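Novice: Here's a structure for you.
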């Protein structure tokens, strides 16, 4: 697994395996958010298989399938609210981790200063500078 830390409790990763769920539970994760639509994966990575593996390991699981076209405010809220209500660390994954990082960042816009969001994602290896104008516009809400 290539887990990348965004905050002390929120992490993103490229595609994980169902067999990774037990290790995630042992590492203190309590929630896995799947941001990958089933149309992108085979049966072994389908949401139903990943959810079964997560729950067998004692993890909570949220399916939030994202494409750039479906990264709507309600999907962003689902990501942010799910992460905020988790009792432990949260891992969100997709093909590369980028959509997961973008969705979390957008869910935090207006709550966390743009500079902090961009620095956190950059430190994890995700250049989200293309979101800077949007994030700065939301800074008035912080």
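Numbering (this note's numbering), first residue to last: 92 to 233. Ideal Cβ placement from N, Cα and C applies to all residues, glycine included. The structure presented is a predicted model; accordingly, all values stated were derived computationally and were not measured.
1. So, at 7 Å on beta carbons, what are the nonlocal neighbours of residue 146 in its own chain, with the 5 sequence-adjacent residues on each side left out?
2. At what residues does the alpha helix (DSSP H) containing residue 193 begin and finish?
3. Spatial neighbours of residue 116 within its chain, please: CB distance less than 6 Å, with the 5 preceding and 5 following residues excluded, ordered by chain position.
4. Taking 9 Å as the threshold (C-beta atoms), are residue 191 and residue 157 in contact?
5. Pull up the CB-CB distance for residue 42 and residue 197, whole angstroms please, since I reckon it's below 8 Å.
6. Quick check for students: name the residue ranges of the beta strand (DSSP E) that lie wholly in the stretch 94 to 131, counting only runs of 3 or more.
Specialist: On the basis of the data shown:
1. The residue given as residue 146 occupies position 55 in the chain shown. The residues 152, in chain order, have a CB closer than 7 Å to that of residue 146 in the same chain once the five nearest residues on each side in sequence are set aside.
2. Within the chain shown, residue 193 is the residue found at index 102, counting from 1. 189 to 199 is the extent of the alpha helix (DSSP H) around residue 193.
3. The residue given as residue 116 occupies position 25 in the chain shown. Cβ neighbours of residue 116 beyond the five flanking positions: 148, 149 and 150.
4. The residue given as residue 157 occupies position 66 in the chain shown. The residue given as residue 191 occupies position 100 in the chain shown. A distance below 9 Å separates the beta carbons of residue 157 and residue 191.
5. In this structure the chain extends from 92 to 233, so residue 42 is not present and cannot be described.
6. Entirely contained in the stretch 94 to 131, the beta strand (DSSP E) runs reaching 3 residues are, in chain order, 101 to 104 and 120 to 125.
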